[in-house]
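Protein sequence lines, in the order shown, are assigned to chains Z and R. Numbered per the numbering used here, the first sequence spans residues 913 to 1165. Numbered per the numbering used here, the second sequence spans residues 1318 to 1786. First up is the structure itself, then whatever we jot down about it.
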Amino acid sequence: MRASLEIKNLNVMIGDKQIIKDFSLTIPKSEVHAIMGPNGTGKSTLAKALAGHPDYEITSGDALIDGESIINLEVDERSRAGLFLAFQYPMEIPGVSIANFIRAARNARLPEGEDLDAPAYYKELYEKMDRLKIDRKFTSRSINEGFSGGEKKRCEILQLAMLNPKYAILDETDSGLDIDALKIVSEGVNALRGPELGALVITHYQRLLDYIVPDKVHVMYDGRIVKSGDKSLALELESKGYDWIKEIAENAA
Amino acid sequence: MTTATHNIEIDRDKGDFKYAETHKFDAGVGLNEGTVDYISDVKGEDDWIRDFRKRALKVFQDKPMPTHWATKDLENIDFNKIRYYLAGDQRAKKSWDDVPDEVKETFERLGIPENERKFLAGVEAQFDSEAAYSNIKEAVAKDGVIFMGSTDGLMEHPEIFKKWFGKVIPTADNKYAALNSAVFSGGSFIYVPPGVKVSHPLQAYFRINAENFGQFERTLIIADEGSEVTYMEGCTAPKFDTATLHSAVVELVAMPGAKIEYITVQNWSSNVFNLVTKRAIAHEGSVVKWIDCNIGSRLTMKYPGVILKGRKARGEVLSIALANDDQHQDTGAKMIHAADDTTSNVISKSISVGKGRSTYRGQVRIPKHLKGCKNNTECDALLINSDSRTDTYPAITVRGDQNYVQHEASVSKVSAEQIFYMQQRGLSEADAMSLSVNGFVNDLTRQFPMEYSVELKRLIELEMEGSVG
Ligand SMILES: Nc1ncnc2c1ncn2[C@@H]1O[C@H](COP(=O)(O)OP(=O)(O)O)[C@@H](O)[C@H]1O
Ligand SMILES: [Mg+2]
């Protein structure tokens, strides 16, 4: 079996409202898939449910990393199993510096009693910050506190680059970015593409996919995938608009 | 003393283990004049001190509980069930080799002899009622610095002791100060001669090992003109089913131009009532800094204070309190300005976790006739999960218009979303919590000595692990 992030007939409730409906998708390692869909369709819910957010209840279905189910794992265990989520709205953590935070996250991946090699860590951190054009002064700034929208998103990609997950979900990493920032972030993500990473890029707009060119595009509506295709589907959606998707969904129902 | 009894019991904490009790001296259960006589007899004390104790006992018995303003939990202390004096020996040993094995092992497990070698100018280690070990580096002693257990201090230097003892905190200051004055034992006695600057900290370690026990140490530190000293105290106790009482009195005297830094790392188990009175007198141009970190205990009531008696004296209280489930940290600071151009600074950070409760109680007084006085008070509270409770009673009384005060307070929360974010990066819930707690106290701990910040960070991590369960 090929290594993959596999989502099987997933149903997710928030309170008594069903948001994700019998959702299935397989992202083989080394591929980049995109999910597009209108606001409120459940894209972020899917991402957070996979990451294990306590408010999002998986009522049935499964999610597997390289064949191992993750849905009974704690949030941090899923992370250490190789799942990374770049948040649509990253949280501010006052007093916790970027350097210390990423270091703690790296340490959490080491065997008990082992500690990170600090000089090597900082060297790597600075290199990756340089590549994402994040000022080195940011290492001592509190995570996301007072960051602009673009700085927050770059900080998410920095964490992605530092934690080397097997699978990454990027939730609207393009929102709030101007074109220069979009290019920097996309280059950052593209640099990580390769045989060791599978990625799911969630976006509302086609624009991002000009820079992060996906292997597959899925269109999501009302908690399920209504259409899948190659990258040209994104362009088609861009020209026809989301009303086109609504029609497809309604005809299918 | 037998040394072969090794019934070690370990729980999650570094401090939560105990050895079987083998006390040669035991004042029994409950408190009356007989208890006081027993203590005085065993110590071979002079009459003035015996009389002092007896007067204090009377004050203690007559004073009501302060429950009109303080928590009702105080009423759960049963003074008749407590043991007031337990010791193996009255005189502290000067070499670890002479300390009884199980006592020595206790302190070894707490890392004390190791720290002594690494960075301390002197160490005192108290086990229940008396110091088991006390030593000062030769070079420091040569400068005339006195550092010993206060039982020894009272015997060997009565002329200095008597002059200052009970002068900063009178017996009748509060019910627990009176209790301490009646049955005090152990604690540190320090005298630093004029102009002497002790470059490394002196450390005392207070260990409660016995159940139903009350520890009543009495510490007196005198820094003579232009001298400097840093004192660190650490406290632990194993976890017993029944309540344990710790009620210390700490008096500091900073003579003109002197500097005293007093650092507490308290890690009491959750059955300890910790009711401590700490106060300093700061003479002209002197500086007294209390660094007070309260972790653990069932109830802590502690408001370190500075009486700013001489012109340009400065007082500081930097405190951190962490209240976990079923714990109440009632802490604060007192700054009594009594001379012109005196300044005080109070920074308090409290963290409440689960059902933990934190209270800040401050008192700043600047009377009308003074001028050029300044106070800065900052109280920040961090709540981790919705059951937590925090109250602030700053009580700043400033008269006259030639003085300046500034007060800021904030309450922030670690939200479930923040914890989720950190966990998504691979940190356990406990690690996420201690990282945010450390983040919250960071700007304060940066001002602490390094060894101390490291220890504090470790204690916070342990406490957070315990709170997640
Ligand atoms: N924490 C929450 N509590 C209640 N409803 C929520 C919560 N998060 C999302 N929803 C609801 O779930 C639906 C899907 O939201 P979301 O997953 O954020 O959509 P998208 O990311 O596609 O814009 C919306 O109707 C939204 O209101
Ligand atoms: Mg969304």
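For every residue, glycine included, the Cβ atom is placed at its ideal position computed from N, Cα and C. Keep in mind it's a predicted model, so treat the numbers as computed, not measured.
Any non-hydrogen atom of ligand 1 closer than 7 Å to residue i Cβ
i, result
"G949/Z", "yes"
"K1035/Z", "no"
"S956/Z", "yes"
"T953/Z", "yes"
"G1088/Z", "no"
"I1701/R", "no"
"D927/Z", "As written in the sequence, residue 927/Z is Gly, which differs from the Asp given in the question. True, at least one ligand heavy atom lies under 7 Å from that Cβ."
"I931/Z", "yes"
"D1134/Z", "no"
"D967/Z", "yes"
Range covered by the alpha helix (DSSP H) that runs through residue i
i, result
"M1132/Z", "Note, M1132/Z: premise wrong, no alpha helix (DSSP H); beta strand (DSSP E) at K1128 to Y1133."
"Y1355/R", "E1350 to K1360"
"V1376/R", "D1364 to D1379"
"M1041/Z", "A1030 to R1043"
"E1633/R", "Here E1633/R belongs to no alpha helix (DSSP H); instead the beta strand (DSSP E) covers R1631 to A1640."
"K1787/R", "The question about residue 1787/R has no answer, for chain R in this structure spans 1318 to 1786."
"M1750/R", "E1746 to T1762"
Per-residue contacts from residue i into chain A (C-beta, under 7 Å)
i, result
"N1759/R", "Given the protein chain composition of this structure (Z and R), no chain A is represented."
Segment limits, beta strand (DSSP E) that includes residue i
i, result
"I1160/Z", "Run containing I1160/Z: none in the beta strand (DSSP E); it sits in the alpha helix (DSSP H), Y1154 to A1164."
"A1449/R", "E1447 to I1453"
"Y1769/R", "Careful: Y1769/R lies outside any beta strand (DSSP E), inside the alpha helix (DSSP H) at M1767 to V1785."
"I1394/R", "Careful: I1394/R lies outside any beta strand (DSSP E) and carries neither H nor E."
"S1505/R", "S1505 to V1509"
"S1729/R", "Y1721 to V1731"
"I932/Z", "K929 to P940"
"I919/Z", "S916 to I926"
"E1568/R", "V1566 to A1571"
"K1619/R", "L1616 to K1619"
"S1140/Z", "R1136 to G1141"
"E1026/Z", "Note, E1026/Z: premise wrong, no beta strand (DSSP E); not H, not E."
Residue i burial status per 10 Å Cβ neighbour count (16 or more: buried)
i, result
"M1074/Z", "buried"
"H1600/R", "buried"
"D1092/Z", "exposed"
"A1080/Z", "buried"
"F1436/R", "exposed"
"L917/Z", "buried"
"W1386/R", "exposed"
"A998/Z", "buried"
"L1228/Z", "With chain Z covering only 913 through 1165, there is no way to say anything about residue 1228/Z."
"E1326/R", "With a pLDDT of 40 at E1326/R, under the threshold of 50, the modelled position of that residue is not reliable, and the figure given next carries that caveat. Exposed, because fewer than 16 other Cβ atoms sit within 10 Å of the Cβ of E1326/R."
"D1358/R", "exposed"
"S972/Z", "exposed"
"S936/Z", "exposed"
"T1319/R", "Its pLDDT being 32, under 50, T1319/R is placed unreliably by the model, and nothing is read from it."
"Q1719/R", "exposed"
"H1686/R", "exposed"
"Y1402/R", "buried"
"S1745/R", "buried"
"K1398/R", "exposed"
"A1164/Z", "exposed"
beta-carbon residue i near ligand 2 non-hydrogen atom, thresh 7 Å
i, result
"Q1741/R", "no"
"E1768/R", "no"
"Q1680/R", "no"
"E1084/Z", "yes"
"Q1000/Z", "yes"
Integer-rounded CB distance, given that residue j should sit under 8 Å from residue i
i, j, result
"V1570/R", "D1609/R", "That belief does not hold up - the Cβ atoms of V1570/R and D1609/R are roughly 18 Å apart, past 8 Å."
"G1503/R", "Q1443/R", "5 Å"
"L1519/R", "Y1493/R", "That pair is no contact at about 25 Å."
"V1420/R", "A1449/R", "5 Å"
"K1730/R", "L1700/R", "5 Å"
"I1713/R", "T1694/R", "7 Å"
"E1768/R", "I1612/R", "About 16 Å; that fails the 8 Å criterion."
"V1604/R", "K1576/R", "5 Å"
Cβ-heavy atom distance, residue i to ligand 3, below 7 Å
i, result
"P1381/R", "Of the ligands one can find in the structure shown, namely ligand 1 and ligand 2, none is ligand 3."
Unbroken beta strand (DSSP E) runs of length 3 or more, entirely within the region 1655-1709 of chain R: which are they?
1660-1670, 1674-1683 and 1691-1701
Going residue by residue through the region 942-1006 of chain Z, where are the continuous beta strand (DSSP E) segments of at least 3 residues, counting only ones entirely within it?
944-948, 968-977 and 995-998
Tell me the start and end of each unbroken alpha helix (DSSP H) in the region 1435-1505 of chain R that is at least 4 residues and wholly inside, in chain order.
1455-1459, 1467-1473, 1475-1481 and 1492-1500
Which runs of the beta strand (DSSP E) at least 3 residues long sit entirely within the region 1083-1128 of chain Z? Give them in chain order.
1110-1115
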